[in-house]
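Peer 1: Structure below; questions to follow.
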Amino acid sequence: MGKKSILNKKGKLFFIYIAAAALLLGSCATTSTTQSTGQPIAVIKSISVNPGPDRTVVEITYRGSAPYKAFKLLDPPRIILDIRAKPSGDLPKKKDVYRGELTTITAAEGRTQALTTRVTIGLLTPLDYAVEDRDGKIMVTLTPQKAAAKAAPKATAGEQKEIELPFTPSEPRIFFKKKPIDLTQILGIDFTMLAHGKSRVIVTTDKKARYSIDQKGAKTIVLAIPDATIPPLIMRQVDSSQFNGAVDRIKASRSPAGRLVTVEITLKEMVPYHVKQTRNEITIDFGRTSVRPVEKKIVPLRLAQATQPAQAQAPAQKQTAVVAMPVSAKAKGIPGLQKKYTGAPMTMDFVNADVTNILRLIAEVSNLNIVWGPDVKGTVSMRLKNVPWDQALDLVLD
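Now the structure itself:
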């Protein structure tokens, strides 16, 4: 009887433990579901095609708030939209269209990340496109490339000014001459601001390159170029965080096998972007962002060195930035204070060289980030031999 009583007690205790564990797991599952559904996810209700004589409009109807990003790929030609929404239960995953230059439209959930639907519009030939979000509809207007300018949708008076503004022309920030090899050569990676807070990343190649683009994480997109090579100097990180655009930084890399080049573009926040390609360029245009750059106090090198104590100090940490300023805006030296140059020596011999190229060379030697404004321009002729880089910088700015 004593043994039976003990066994009964143990059985009851075991049952109680199992019930408590089940309740605990149930409460955890309920909490997780509540958190994941705290913000309602938009739903894509339908996708329709409206062909016309000079354009075709694809309408994506959704319910809720559905941020998106759009870009174009050329091999094979297609327009891709990654929409922060899930497809409705009756939305077909694939729809054969064959109207005009369209072939198929697919909607794949979770293609790039959770709670995101990738809509792919297949094309027979490359077309120009424009995307507009209006009253619960994402409208993709497709036009022939030659007639794109004439077939562009009419804008309101407030929008017309933005459309007519030309994009800022830009040369590659670092340019290398192409070599006689079969691989696609990356000759430059550049960042530039456009009108109305938009920004652009330009990848310059020696020929028309195959590429793919995908999202990595919440705020990073990756441009992959197969069968390509890139000089080591271009693989240095481009920091654009102090601009008012959406791009925070750009970093290129090459695979260990040396045949795949990837360009990671980290954004301050995910915004719509559009990808276009010409014979020698891949351009990615980003929409405006609501995230403002962190304000940093940047002190001119001359003023910073002049205010330091004259006595010997411990090795200073690497400076983050030096501003190149026009002569009229530079700080005047402090009277009676003898300046001592301590930078690494460098030798230069230039005739009518662009001053910005001289600043780039000094940045390489000093390992500093030198930022200059639009007022810093002109040409410089100079011959220096074993001159400290900080003295060379003063000579350029004088």
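One point on numbering: in our numbering, the residue at position 82 of the sequence shown is 86, and numbering is uninterrupted. Even for Gly, the Cβ is constructed at its ideal location relative to N, Cα and C. Quick caveat: nothing in here was measured; it's all calculated off a predicted structure.
(1) Determine which residues share a DSSP beta bridge with lysine 343 and list them.
(2) Any idea if aspartate 139 is buried or exposed, counting beta-carbon neighbours within 10 angstroms, 16 or more meaning buried?
(3) Looking at alanine 74 and isoleucine 83, is the spacing between their C-beta atoms short of 8 angstroms?
(4) Relative to the alpha-carbon of valine 265, which residue among Phe290, Arg214, Ala46 and Asp243 has its alpha-carbon at the smallest distance?
(5) Please check the pair tyrosine 72 and isoleucine 87, which I expect to be a contact at CB under 8 angstroms, by giving their CB distance rounded to whole angstroms.
(6) Look up glutamine 395 in the DSSP assignment and say whether it is helix, strand or coil.
(7) Measuring straight from C-alpha to C-alpha, what distance separates isoleucine 229 and asparagine 361?
(8) Hey, how far is the Cα of methionine 405 from the Cα of isoleucine 125?
(9) What separation, rounded to the nearest whole angstrom, lies between the Cα atoms of serine 385 and serine 244?
(10) Checking 8 angstroms against the spacing of the C-beta atoms, do leucine 131 and threonine 147 come in under that value?
(11) What's the C-alpha gap between proline 297 and glycine 104?
(12) Could you check what DSSP says for valine 400 in three-state terms: helix, strand or coil?
(13) Please tell me whether alanine 232 and isoleucine 190 are closer than 8 angstroms, where the distance is taken between their beta carbons.
(14) Could you tell me which whole beta strand (DSSP E) segments of length 3 or greater appear in the segment 179–255?
(15) Under a three-way DSSP split, which group does valine 380 fall into?
(16) Quick check: the Cα distance between proline 91 and alanine 118, rounded to an integer number of angstroms?
(17) Do you know offhand how far histidine 200's Cα is from arginine 292's?
(18) Give me the Cα-Cα distance between alanine 333 and aspartate 358, rounded to the nearest whole angstrom.
(19) Could you tell me the boundaries of the alpha helix (DSSP H) in which asparagine 54 lies?
(20) Any idea which residues DSSP pairs valine 144 with across the strands?
(21) Which residue's Cα is closest to the Cα of proline 81: Leu127, Thr188, Asp289 and Thr145?
(22) Is it buried or exposed, arginine 240, if we count other Cβ atoms within 10 angstroms and call 16 or more buried?
(23) Measuring only between beta-carbons, confirm whether lysine 73 sits less than 8 angstroms from chain B.
(24) What does the alpha-carbon distance come out to for the pair isoleucine 64 and threonine 129?
(25) In this structure, how does DSSP classify arginine 82 when only helix, strand and coil are distinguished?
(26) Nearest-angstrom Cα distance between asparagine 390 and methionine 350?
(27) With threonine 110 as the anchor, note down where its beta strand (DSSP E) starts and where it stops.
(28) Should leucine 237 be labelled buried (16 or more other beta-carbon atoms within 10 Å of its own) or exposed?
(29) Tell me which residue opens and which closes the alpha helix (DSSP H) that valine 369 is part of.
(30) At the level of alpha carbons, what is the spacing between alanine 396 and isoleucine 366?
(31) Near valine 242, which residues of its chain fall below 7 angstroms by C-beta distance, leaving aside the five closest residues on each side in sequence?
(32) Take the Cβ of glycine 249 as the centre, count every other Cβ of all protein chains shown within 10 Å, and call the residue buried at 16 or more, exposed below.
(33) Determine which residues share a DSSP beta bridge with aspartate 353 and list them.
(34) Keeping to the same chain, check which residues put their C-beta closer than 8 angstroms to that of threonine 383; ignore five residues upstream and five downstream.
Peer 2: Let's see:
(1) For the purposes of this step, residue 343 is taken as the residue at position 339 of the sequence shown. In the DSSP output, where bridge partners are listed per residue, lysine 343 has none listed.
(2) Your numbering for residue 139 matches position 135 in the sequence shown. Counting the other CB atoms within 10 Å of its CB gives aspartate 139 a total below 16, which places it among the exposed residues.
(3) Translated into positions along the sequence shown, residue 83 becomes position 79. Translated into positions along the sequence shown, residue 74 becomes position 70. When the beta-carbon positions are compared, isoleucine 83 and alanine 74 come within less than 8 angstroms of each other.
(4) On the sequence shown, position 261 is the one that residue 265 refers to. Ranked by how close their Cα comes to the Cα of valine 265, the residues Phe290, Arg214, Ala46 and Asp243 have Arg214 in first place.
(5) Indexing the sequence shown from 1 puts residue 72 at position 68. Indexing the sequence shown from 1 puts residue 87 at position 83. Sure, about 4 angstroms apart at Cβ, within 8 angstroms.
(6) Translated into the one-based positions of the sequence shown, residue 395 becomes position 391. In the three-state DSSP reduction, glutamine 395 falls in the helix class (H, G or I).
(7) On the sequence shown, position 225 is the one that residue 229 refers to. On the sequence shown, position 357 is the one that residue 361 refers to. In a straight line, the C-alpha of isoleucine 229 is about 29 angstroms away from that of asparagine 361.
(8) The structure shown does not extend to residue 405, since the chain spans only 5 to 402, so no value can be given for it.
(9) Residue numbering aside, residue 385 sits at position 381 when the sequence shown is read from its first letter. Residue numbering aside, residue 244 sits at position 240 when the sequence shown is read from its first letter. Distance between the alpha carbons of serine 385 and serine 244 is about 30 angstroms.
(10) For the purposes of this step, residue 131 is taken as the residue at position 127 of the sequence shown. For the purposes of this step, residue 147 is taken as the residue at position 143 of the sequence shown. Yes, they are a contact pair.
(11) As a position in the sequence shown, residue 297 is number 293, starting the count at 1. As a position in the sequence shown, residue 104 is number 100, starting the count at 1. Approximately 45 angstroms between the Cα atoms of the pair.
(12) For the purposes of this step, residue 400 is identified with residue 396 of the sequence shown, where counting begins at 1. Collapsing the DSSP output to three states places valine 400 in a helix.
(13) Within the sequence shown, the letter at position 228 stands for residue 232. Within the sequence shown, the letter at position 186 stands for residue 190. Taking C-beta atoms as the reference points, alanine 232 and isoleucine 190 count as a pair closer than 8 angstroms.
(14) With a minimum length of 3 residues, the continuous beta strand (DSSP E) runs that stay inside the segment 179–255 are 188–197, 203–209, 216–220 and 224–230.
(15) The residue given as residue 380 occupies position 376 in the sequence shown. Under the three-state reduction of DSSP output, valine 380 falls in the coil class, being neither helix nor strand.
(16) Taking the sequence shown and counting its residues from 1, one reaches residue 91 at position 87. Taking the sequence shown and counting its residues from 1, one reaches residue 118 at position 114. Near 12 angstroms, if we compare the C-alpha coordinates of alanine 118 and proline 91.
(17) Along the sequence shown, one-based indexing puts residue 200 at 196. Along the sequence shown, one-based indexing puts residue 292 at 288. Cα to Cα, histidine 200 sits roughly 7 angstroms from arginine 292.
(18) Your numbering for residue 333 matches position 329 in the sequence shown. Your numbering for residue 358 matches position 354 in the sequence shown. A caution first: alanine 333 carries a pLDDT of 42, below 50, which makes its placement in the model too unreliable to give a value.
(19) The residue labelled residue 54 in the question sits at position 50 within the sequence shown. Unbroken run through asparagine 54 is the beta strand (DSSP E), 46–55; no alpha helix (DSSP H).
(20) Counted from its first residue, the sequence shown places residue 144 at position 140. BP columns for valine 144 point to Val62 and Val135.
(21) As a first step, residue 81 is located in the sequence shown; it is residue number 77 there, counting from the start. Of the candidates Leu127, Thr188, Asp289 and Thr145, the one whose C-alpha sits nearest the C-alpha of proline 81 is Leu127.
(22) Locating residue 240 in the sequence shown gives position 236, where the first residue counts as 1. With fewer than 16 Cβ atoms within 10 Å of its Cβ, arginine 240 is classed as exposed.
(23) Of the chains in the structure shown, none is chain B; there is only one protein chain.
(24) Taking the first residue of the sequence shown as position 1, residue 64 is located at position 60. Taking the first residue of the sequence shown as position 1, residue 129 is located at position 125. Within the model, the alpha-carbon separation for isoleucine 64 versus threonine 129 is close to 22 angstroms.
(25) For the purposes of this step, residue 82 is taken as the residue at position 78 of the sequence shown. Residue state, collapsed to three classes: strand.
(26) Here the question's residue 390 lines up with position 386 in the sequence shown. Here the question's residue 350 lines up with position 346 in the sequence shown. Cα-Cα distance, rounded: 5 angstroms.
(27) Against the sequence shown, residue 110 aligns to sequence position 106. Taken as a continuous stretch (DSSP letters only), the beta strand (DSSP E) holding threonine 110 covers 106–113.
(28) For the purposes of this step, residue 237 is taken as the residue at position 233 of the sequence shown. Burial call: exposed.
(29) Position 365 of the sequence shown, counted from the start, is the residue given in the question as residue 369. Taken as a continuous stretch (DSSP letters only), the alpha helix (DSSP H) holding valine 369 covers 359–370.
(30) Within the sequence shown, residue 396 is the residue found at index 392, counting from 1. Within the sequence shown, residue 366 is the residue found at index 362, counting from 1. A direct Cα-Cα distance of roughly 8 angstroms separates alanine 396 from isoleucine 366.
(31) In the sequence shown, the residue the question calls residue 242 occupies position 238. Ile193, Phe195, Arg253 and Ile254.
(32) Your numbering for residue 249 matches position 245 in the sequence shown. Only buried fits glycine 249, as 16 or more other CB atoms lie within 10 angstroms of its CB.
(33) Taking the first residue of the sequence shown as position 1, residue 353 is located at position 349. Arg387.
(34) What you label residue 383 is simply residue 379 of the sequence shown in a count that begins at 1. Asn356, Ala357, Asp358 and Val359, listed in sequence order.
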